[in-house]
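Asker: Structure incoming, see below.
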Amino acid sequence: MEVKNLHFFYEDNEEILSGINLTFDSRSTAIIGQNGAGKTTFVKLLKGLLKPTGGDVIFNGINTKESTVAGLARYIGLVFQNPNDQIFKNKVIDEVIFGPLNIGQTHQKARENSINALKIVGLYEKIDENPYDLSLSERKLISIASIVAMNTEIIIFDEPTIAQDYNGKEKIKSIIKDLSAKGRLVIAITHDMDFVAETFERTLVFAKGNVLLDGTTREVYSCIEELESAYLEPPNVTQLCQRIGVEKTFLTVEEFINYKKK
Amino acid sequence: MKKIIVENLKYKYPLTNELALKGISFDVEKGEFIGIIGKNLSGKSTLCQALVGLVPHFYKGGYGGKVVVDGLEVSKSEISELSQKVGIVFQNPFTQVTSCKLTVYEEIAFGLENMGISRGEMRERIDNSLKLLGIYKFKDRNPFDLSGGQMQRMAIAGIIAMKPEIIVLDEPTSQLDPRGSEEVFKAIQNLSKEGMTVIMVEHKMEKIAKYSDRIMLLNDGEIVDFDIPQKIFSRGDLDSYGVTAPVFTKICKGLRIKSKVTGLYPITIDEAYDLVVNYIE
Amino acid sequence: MKILSLYQERNTIIHKVDPISKILYIIISITIPIIMPYKIIGLLCMSVSIILLLIAKVFKKVIPLVSFSMIILLSIIIIQGLFNGLNDIPAFHIGNLIFYKEGLLFALEICIRVINILCAFAILVLTTKPSDLIESLVRRGLSPKIGYVLSSVLQIIPQMSSTMATITDAQRSRGMETEGKLRVRIKAFLPLIGPVVMNSLINTRERAMALEVRAFNSKATKTFLNEEQNSSYNKIIKVILIFLLLLAVAWRVLI
């Protein structure tokens, strides 16, 4: 997927995004940055919910300007932050199958994909229950399943770990790693620096409508000054290492422990 | 003087079969900072709401046991009475905005108007709260024009203007970005320094370890443990309760280095730093 | 942030008058022409309202409102001019259609009444902050809970419309078409109702809890942060208005 010289502003003349140039390969990518830096706007532009005022977003030879949102839905899925903004059916299976049916899967294929998706998020036993009877974190997993079932090449998550406890986060981490291993491009907007360190191969730092840093997560997390200027703190492990004066940038607790034991 | 006394608190929400709280007992002294941790649905929010009277008065449901807050028995008092003893701040900054006031200043006045406070006293309290929370410069803005962190600080200001001596915070930063979170934690720390008794539910273990005097671990509606942070996070069975230790503690656990003074694992970056630097395999 | 109101911020003396006086003015300017049904009285009231609007510098905002009602008024003029039962003396004609004097005068009276009412309301709506109006009513006995509902609606409705936009985006992202033929758009409406209702219910409950813990249900007598604008000239205005009303009644009774 390619983003060429992307510009965007709303009616009030402040430009939200000023000239973004990026290419996405299949590495799982996290997008971090302060609120107001343009992350959500960027993701909406990728999804076609907003059309660029300048520049293009192109993937698979399709330019987002030339397609409706629903038309793009078969290639690129977006899991919204609040599951309550999405859920409307009174059976879990009906909710999950809604997306696949809309983008033209046959009923049988759609059902198959939905069941698989529910198994991936670990909620297969609740398949006939009413989504409103489930807890908030379970509803979040349902909303993830309903996008995964659409089998899109690209999946975007908007703040996947908000309001999740430790177990919930671990589950989402494994879902993302799983999808990435299957070759899908996973992009996520998140504030959770530890989560990013443990899960994503590539990290983009947005600040004031521009991409401040772009590289592997390890590289990006080593650039302490730039991160500070974007009001971001490196994850706790990395902070401890920097305190000690270790040269290498560590991303997870396990890495550091193994290093120290040698 | 004990600020909060909870004796065998039991609670069941209406139309459910299971107890949300299964016999909770504990005390809190004046000025303490108590952290509450536990996995989702362990009863943390229910406990918070039981301290301010929302449980049982807002929900009704089945209630047992006794909660006494600053001398008032919760089940026998009105929520508006209790609001002068204990305040609560919720997760979502948006739904705490009254939306009937056009400026931040008037927004803080809302609770005071309801209480019947005189105008002069009102202005003094509002000015103090705004300054304490660092949002005095926003006093003439529309409440909805603030960022998430500013909105949460406004919610806290609105509560402390009512002058409770206890404040309960139920995951106040979970919907905020890192900067907003930091602003809110600093504000809470200030309140604690001024002598406020603070009860806070949080998932950010590093933060709660840093600020709490004692931590309560809840699971399935019961208290598993209620002790100083070092003891709680040194437990080996945290996983089974769906919680994790702060990163620094995890590192030291992995390297098996304990503090020589306490015999427990460190919980903050400073403590961990000392031990890790001197680590020899 | 947009709030739902027509209030125009200006610094005129009309703006400084308290809302209750303006409500009184509306009542008076509607009642007096009814008590004294002479066209001259109607015209007088209308002129006064227009002058007040000019002083308040909001006259320009009334014009679209009046123009809109002109469409209805014009149809009244035409129908009455042509078909009023009392029509006798012709006034003028357009082609084959004859407009009669009686009908036209009757229609004129209606027009004056309607514009009068519109202008009087406009003075209230365009120069009063909704929150001030509601606060005045609560001070005089309106239940604070109703007052709260009225004031919060003005800010919550714009909020809801932005939530609607997010919900629509979420469903479009799942392949639901919203652009295109009318039938497509109607079909797109169903998946939106559930989330909108659900969100509103959840928000309402959370908001209710937040209000409770801010002593919303306290039995104490409510006080007000803002000082009431009860300067002497507000009292004088009320006295004058009531005096005029009594004059009109006296006129009617004695003459």
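Chains as they are written, first to last, in our numbering: chain F, 1 to 262; chain B, 263 to 543; chain C, 544 to 798.
Virtual Cβ for every residue (Gly too), placed ideally from N, Cα, C.
#1: Using a Cβ-Cβ cutoff of 7 Å, what residues of the segment 439-471 of chain B are near chain F? List them in chain order.
#2: Contact criterion: CB-CB distance below 8 Å. Does V314 of chain B meet it with respect to chain C?
#3: Is E11 of chain F helix, strand or coil by DSSP?
#4: Thinking D332 of chain B and I428 of chain B are a contact (beta carbons under 8 Å), I'd like their distance in whole angstroms, please.
#5: Taking the runs of the alpha helix (DSSP H) that are 4 residues or longer, which of them lie wholly in the segment 325-405 of chain B?
#6: Kindly indicate which three-state DSSP category S716 of chain C falls into: helix, strand or coil?
#7: Rounded C-beta distance between Y231 of chain F and P440 of chain B? I'm assuming under 8 Å.
#8: Using Cβ-Cβ distances below 7 Å, what residues of the segment 78-92 of chain F are close to chain C?
#9: Smallest Cα separation from M752 of chain C: which of B:S443, B:P318, B:G297, B:E456?
#10: Find the residues of chain C that neighbour Q412 of chain B, judging by a C-beta separation of less than 8 Å, and give them in chain order.
#11: According to DSSP, is L251 of chain F helix, strand or coil?
#12: For the alpha helix (DSSP H) containing F42 of chain F, list its first residue and its last residue.
#13: Quickly, what does DSSP pair L480 of chain B with across the bridge? List them, please.
#14: Quick check on this structure: which residue in B:D407, B:L309, B:Q346 has the alpha carbon closest to the alpha carbon of V268 of chain B?
#15: Give the DSSP bridge partners of E269 of chain B, in chain order.
#16: Measuring CB to CB, does G646 of chain C end up less than 8 Å from N659 of chain C?
#17: I'd like to know whether the C-beta of M752 of chain C is nearer than 8 Å to at least one C-beta of chain B.
#18: Classify I556 of chain C as helix, strand or coil using the three-state DSSP reduction.
#19: Rounding to the nearest angstrom, what Cα-Cα distance links G392 of chain B and K272 of chain B in this structure?
#20: Would you list, in chain order, the members of the segment 228-260 of chain F that have their beta-carbon closer than 8 Å to a beta-carbon of chain B?
#21: Assess, as a yes-or-no matter, whether the segment 350-364 of chain B is touched by the segment 738-752 of chain C under the definition of 3 or more beta carbon pairs within less than 8 Å.
#22: Would you check if there are 3 or more beta carbon pairs closer than 8 Å linking the segment 52-66 of chain F to the segment 678-697 of chain C?
#23: Listed from N- to C-terminal order along the chain, which residues in the segment 378-397 of chain B have their beta-carbon within a distance smaller than 9 Å of any beta-carbon of chain C?
#24: Using only the alpha-carbon positions, how far apart do T511 of chain B and Q105 of chain F sit?
#25: CB I513 of chain B to CB F195 of chain F, shorter than 8 Å?
#26: Is I699 of chain C close to chain B? Criterion is C-beta to C-beta, closer than 8 Å.
#27: Determine the direct distance from the alpha carbon of E456 of chain B to that of P562 of chain C, and round the result to whole angstroms.
#28: Looking at the secondary structure, which residues open and close the beta strand (DSSP E) in which M462 of chain B lies?
#29: How far does the alpha helix (DSSP H) with T747 of chain C in it extend, from its first residue to its last?
#30: Have a look at G349 of chain B and G54 of chain F and give me their C-alpha separation to the nearest angstrom.
#31: Whose C-beta lies closer than 7 Å to the C-beta of C223 of chain F among residues of the same chain, with five residues either side of it excluded?
#32: Mind checking E11 of chain F: buried by the 16 CB within 10 Å criterion, or exposed?
#33: Going by DSSP, which residues form a beta bridge with G297 of chain B?
#34: Counting beta carbon pairs with one atom in the segment 283-296 of chain B and one in the segment 237-246 of chain F, are three or more of them shorter than 8 Å?
#35: Determine the direct distance from the alpha carbon of N554 of chain C to that of V446 of chain B, and round the result to whole angstroms.
#36: Rounded to the nearest angstrom, what separates I156 of chain F and R717 of chain C at their Cα positions?
Answerer: So, from the listed chains and residues:
#1: Taking 7 Å as the Cβ-Cβ cut-off, the segment 439-471 of chain B approaches chain F at D439, P440, R441, H465, E468, given in chain order.
#2: The residue you call residue 314 of chain B lines up with position 52 of the second sequence. Closer than 8 Å to some Cβ of chain C, the Cβ of V314 of chain B qualifies, so yes.
#3: Against the first sequence, residue 11 of chain F aligns to sequence position 11. Unreliable placement is indicated for E11 of chain F, whose pLDDT of 48 sits below 50; no coordinate value is reported for it.
#4: The residue labelled residue 332 of chain B in the question sits at position 70 within the second sequence. The residue labelled residue 428 of chain B in the question sits at position 166 within the second sequence. 7 Å between Cβ atoms; contact.
#5: Runs of the alpha helix (DSSP H) lying entirely within the segment 325-405 of chain B, each at least 4 residues long, are 341-344, 366-377, 381-394 in chain order.
#6: Start at 1 with the first residue of the third sequence, and residue 716 of chain C comes out as number 173. In the structure shown, S716 of chain C sits in coil (DSSP, three-state: anything other than H, G, I, E or B).
#7: Numbered from its first residue, the first sequence carries residue 231 of chain F at position 231. Numbered from its first residue, the second sequence carries residue 440 of chain B at position 178. With a Cβ gap of about 7 Å, Y231 of chain F and P440 of chain B count as contacting.
#8: When C-beta distances to chain C are compared with 7 Å, the residues of the segment 78-92 of chain F below that value are L78, F80, N84, D85, Q86, I87, F88, in chain order.
#9: Indexing the third sequence from 1 puts residue 752 of chain C at position 209. M752 of chain C has its Cα closest to that of B:P318, out of B:S443, B:P318, B:G297, B:E456.
#10: Position 150 of the second sequence holds residue 412 of chain B. Annotation: Q412 of chain B has no Cβ neighbours in chain C at a cutoff of 8 Å; minimum Cβ distance is about 14 Å.
#11: As a first step, residue 251 of chain F must be located in the first sequence, where it is residue number 251. In this structure, L251 of chain F counts as coil in the three-state DSSP scheme.
#12: Here the question's residue 42 of chain F lines up with position 42 in the first sequence. First-last of the alpha helix (DSSP H) with F42 of chain F: 39-47.
#13: Locating residue 480 of chain B in the second sequence gives position 218, counting from the first residue. Here L480 of chain B is bridged, per DSSP, to B:I485.
#14: Taking the second sequence and counting its residues from 1, one reaches residue 268 of chain B at position 6. With distances taken between CA atoms, V268 of chain B lies nearest to B:L309 out of B:D407, B:L309, B:Q346.
#15: Within the second sequence, residue 269 of chain B is the residue found at index 7, counting from 1. Beta-bridge analysis with DSSP links E269 of chain B to B:K328.
#16: Here residue 646 of chain C refers to the residue found at position 103 when the third sequence is read from its first residue. Here residue 659 of chain C refers to the residue found at position 116 when the third sequence is read from its first residue. G646 of chain C is not a Cβ neighbour of N659 of chain C, given a cutoff of 8 Å.
#17: Along the third sequence, one-based indexing puts residue 752 of chain C at 209. It does: the Cβ of M752 of chain C has a partner Cβ on chain B nearer than 8 Å.
#18: Within the third sequence, residue 556 of chain C is the residue found at index 13, counting from 1. DSSP, read as helix, strand or coil, puts I556 of chain C in helix.
#19: Residue 392 of chain B sits at position 130 when you count from the first residue of the second sequence. Residue 272 of chain B sits at position 10 when you count from the first residue of the second sequence. Note that residue 392 of chain B is Leu in the sequence shown, not Gly. Approximately 37 Å, taken between the alpha carbons.
#20: Using a CB distance below 8 Å, the part of the segment 228-260 of chain F facing chain B consists of Y231, L232, E233, P235, N236, V237, Q239, L240, R243, I244, V253, E254, F256, I257, K260, ordered along the chain.
#21: Short answer: they touch.
#22: No: fewer than three Cβ pairs fall under 8 Å.
#23: Listed by position, the residues of the segment 378-397 of chain B near chain C (Cβ gap below 9 Å) are G378, I379, S380, R381, M384, R385, I388.
#24: Indexing the second sequence from 1 puts residue 511 of chain B at position 249. Indexing the first sequence from 1 puts residue 105 of chain F at position 105. T511 of chain B and Q105 of chain F have their C-alpha atoms spaced approximately 49 Å apart.
#25: As a working note, residue 513 of chain B is residue 251 in the second sequence. As a working note, residue 195 of chain F is residue 195 in the first sequence. F195 of chain F is positioned such that its CB atom lies no closer than 8 Å to that of I513 of chain B.
#26: By 1-based counting over the third sequence, the position of residue 699 of chain C is 156. Closer than 8 Å: yes.
#27: In the third sequence, counting from the first residue as 1, residue 562 of chain C sits at position 19. In the second sequence, counting from the first residue as 1, residue 456 of chain B sits at position 194. P562 of chain C and E456 of chain B have their C-alpha atoms spaced approximately 43 Å apart.
#28: By 1-based counting over the second sequence, the position of residue 462 of chain B is 200. Per DSSP, M462 of chain B belongs to the beta strand (DSSP E) from 459-463.
#29: Stepping through the third sequence from its first residue, residue 747 of chain C is reached at position 204. Where T747 of chain C is concerned, the enclosing alpha helix (DSSP H) stretches over 733-755.
#30: Taking the first residue of the second sequence as 1, we reach residue 349 of chain B at position 87. Taking the first residue of the first sequence as 1, we reach residue 54 of chain F at position 54. Going by the C-alpha atoms only, they are around 49 Å apart.
#31: Counting from 1 along the first sequence, the entry for residue 223 of chain F is found at position 223. Excluding residues within five positions, the ones whose Cβ falls inside 7 Å are L213.
#32: Position 11 of the first sequence, counted from the start, is the residue given in the question as residue 11 of chain F. Note that E11 of chain F scores 48 on pLDDT, short of 50, meaning its location in the model is unreliable; the coordinates nonetheless yield the value given after this. By the 10 Å Cβ count, E11 of chain F comes out exposed.
#33: The count along the second sequence starts at 1 and reaches residue 297 of chain B at position 35. Per DSSP, B:M462, B:I477.
#34: Between the segment 237-246 of chain F and the segment 283-296 of chain B, the count of C-beta pairs closer than 8 Å stays below three; the two stretches do not touch.
#35: Taking the second sequence and counting its residues from 1, the one referred to as residue 446 of chain B is at position 184. Taking the third sequence and counting its residues from 1, the one referred to as residue 554 of chain C is at position 11. So the two alpha carbons sit approximately 38 Å from each other.
#36: Taking the first residue of the first sequence as position 1, residue 156 of chain F is located at position 156. Taking the first residue of the third sequence as position 1, residue 717 of chain C is located at position 174. Separation of I156 of chain F and R717 of chain C (C-alpha to C-alpha, rounded to the nearest whole angstrom) is 12 Å.
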